[in-house]
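J.: Just dropping this structure here.
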Amino acid sequence: SKANATVRVNNKSTSLVALVALNPSDSLKASTSLSQFTSRGGKVINPGGRFDFKNVKAGNQQLVYALVESDAESVNINDFSPLTVKATSGKRTDVNLPPSSSNGSSSN
């Protein structure tokens with residue numbers, strides 16, 4: 008079988024919830040509530056938690072994320088920050104949120 012990549016998103020925040028989506032669809036981008044966001048493929052990662060996006064195609068993928076208060080119920084995708092993640096076939100790429108670098112890109 009073809010080896011696919013995994014993108015692991017680690018929420019390094021101790022108090023904020025990470026809202027993340029990989030290669031978000033137009034319908035996900037139109038989400039205005041947390042329930043819409045998650046039903047359309049968005050993920051919620053609690054402080055200190057992580058989530059693995061599996062079976063990701065190799066190459067550059069767009070990850071969008073926002074760090075929000077744990078009681079947030081509304082979502083504005085325009086407030087999200089984009090990150091380009093380079094996925095390598097058969098390997099796991101770790102993305103730490105918030106990113107430690109200020110240039111907004113992740114290199115692994």
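Each residue of the sequence shown is one higher than the one before, starting from 8 at the first, in my numbering.
Idealized CB from N, CA, C, for every residue including glycine.
All values derive from a computational prediction rather than experimental measurement.
Does Thr13 come out as helix, strand or coil in the three-state DSSP assignment?
T.: For the purposes of this step, residue 13 is taken as residue 6 along the sequence shown, with counting starting at 1. Strand, per DSSP.
J.: Please name the residue in Lys19, Ser107, Ala94 and Val82 whose C-alpha comes closest to that of Leu70.
T.: In the sequence shown, the residue the question calls residue 70 occupies position 63. The shortest C-alpha separation from Leu70 is found at Ala94.
J.: Give me whichever residues DSSP pairs with Asp33 in a beta bridge.
T.: Translated into the one-based positions of the sequence shown, residue 33 becomes position 26. Its beta-bridge partners do not exist; DSSP assigns none.
J.: Is it true that the segment 80–89 meets the segment 56–68, where meeting means three or more beta-carbon pairs spaced less than 8 Å apart?
T.: These segments do not touch.
J.: By how many angstroms is the C-alpha of Lys50 removed from the C-alpha of Leu123?
T.: The chain is shown only over 8 to 115; residue 123 falls outside these bounds and no answer can be derived.
J.: Beta-carbon within less than 8 Å of Val102's beta-carbon, same chain only, minus the 5 sequence neighbours each way: which residues are those?
T.: Your numbering for residue 102 matches position 95 in the sequence shown. Hits under 8 Å: Val14, Arg15, Val16, Asn17, Leu70, Leu90, Val92 and Ser113.
J.: In whole angstroms, give me the CA-to-CA distance for Ser61 and Glu80.
T.: Residue mapping note: residue 61 aligns to position 54 of the sequence shown, counting from 1. Residue mapping note: residue 80 aligns to position 73 of the sequence shown, counting from 1. First, the residue type needs correcting, since residue 61 is Lys and not Ser in the sequence shown. Looking at the two C-alpha atoms, the distance is approximately 26 Å.
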